[in-house]
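**Q**
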Ligand SMILES: Nc1ncnc2c1ncn2[C@@H]1O[C@H](COP(=O)(O)OP(=O)(O)OP(=O)(O)O)[C@@H](O)[C@H]1O
Ligand SMILES: [Mg+2]
């Protein structure tokens, strides 16, 4: 599903080498934690997968699409296969919680009747049913994070990319969010999660890729249950 071949990313504005010769692959249906210190290159890794940034060297394949050959007009097709939780949420401040989530469905042409059924279901799933009519500015950081998660889940993507989805929530909620992602993964969705929380990584015993200074310094490999299949 995701392949990196000798990928290096140097940001041209300041010459920072954010990723250094990374080669790895992630199979369909895996659950992968990405860990590493601040500035290690975790968000850069995710941004390359979603084609928000392009590699300086090397090649990336996502869902059989060679990203270096991907035409600009095809990028929306790539993104449609992904549900993305950004580290900075990127919610639309003028829209309510309900509208933020519904908007993601409207963008891909879902019918109103489908939206009316699906959005309340997803808001309930992330524990935000009572906040449907609030605007992002009226929410706590953790609540905003859960709106971002709801928006990522609503279109049933084949890949979920979550950059610190538990960065602003208490330990109990962060465990619940991870459990939710784990459930979604069990139904076949590939999940990539950046996290700083070591206890979560230990609790969930999934594949864990550790990045340090742009390099993959450890990778527990494919999770045992994947090998058995
Ligand atoms: N748009 C950018 N332009 C220039 N340099 C950047 C840009 N984005 C990130 N960097 C640099 O690239 C390196 C990796 O950044 P990245 O955001 O991938 O780290 P991270 O592992 O996600 O860190 P954090 O845990 O703090 O979110 C850092 O040195 C950072 O300063
Ligand atoms: Mg980051």
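In the numbering used here, the protein residues as written are 185 to 413. Here a beta-carbon is modelled for each residue, glycine too, at the ideal position from N, C-alpha and C.
Using 8 Å as the threshold, is the region 196 to 209 in touch with the region 369 to 377, meaning 3 or more CB pairs across them?
**A** Judged by Cβ distances under 8 Å, the region 196 to 209 makes no contact with the region 369 to 377, as fewer than three pairs qualify.
**Q** Between the Cα of residue 366 and those of 343, 230, 354, 244, spot the shortest distance and give me the residue it belongs to.
**A** The shortest C-alpha separation from residue 366 is found at 343.
**Q** By DSSP's criteria, residue 189 is part of a beta bridge. Which residues make up the other side?
**A** Bridge partners of residue 189: 243.
**Q** By DSSP, does residue 399 sit in helix, in strand, or in coil?
**A** Note: residue 399 maps to strand in three-state DSSP.
**Q** In or out: residue 227 buried (at least 16 other Cβ within 10 Å) or exposed?
**A** Classification for residue 227: buried.
**Q** Can you tell me the Cα-Cα spacing of residue 230 and residue 255, whole angstroms?
**A** Cα-Cα distance, rounded: 19 Å.
**Q** Helix, strand or coil for residue 275 per DSSP?
**A** In the structure shown, residue 275 sits in coil (DSSP, three-state: anything other than H, G, I, E or B).
**Q** Looking at the structure shown, is residue 365 part of a helix, part of a strand, or coil, going by DSSP?
**A** Here residue 365 sits in helix by DSSP.
**Q** Who are the Cβ neighbours of residue 361 in its own chain at under 7 Å, not counting the five residues just before and after it?
**A** Cβ neighbours of residue 361 beyond the five flanking positions: 333, 349, 350, 353.
**Q** Buried or exposed, going by whether 16 or more other CB atoms sit within 10 Å of the CB of residue 387?
**A** Exposed: under 16 other Cβ atoms inside 10 Å.
**Q** With a threshold of 6 Å on Cβ separation, who are the neighbours of residue 287 within its own chain once the five nearest residues in sequence on each side are excluded?
**A** Contacts found: none.
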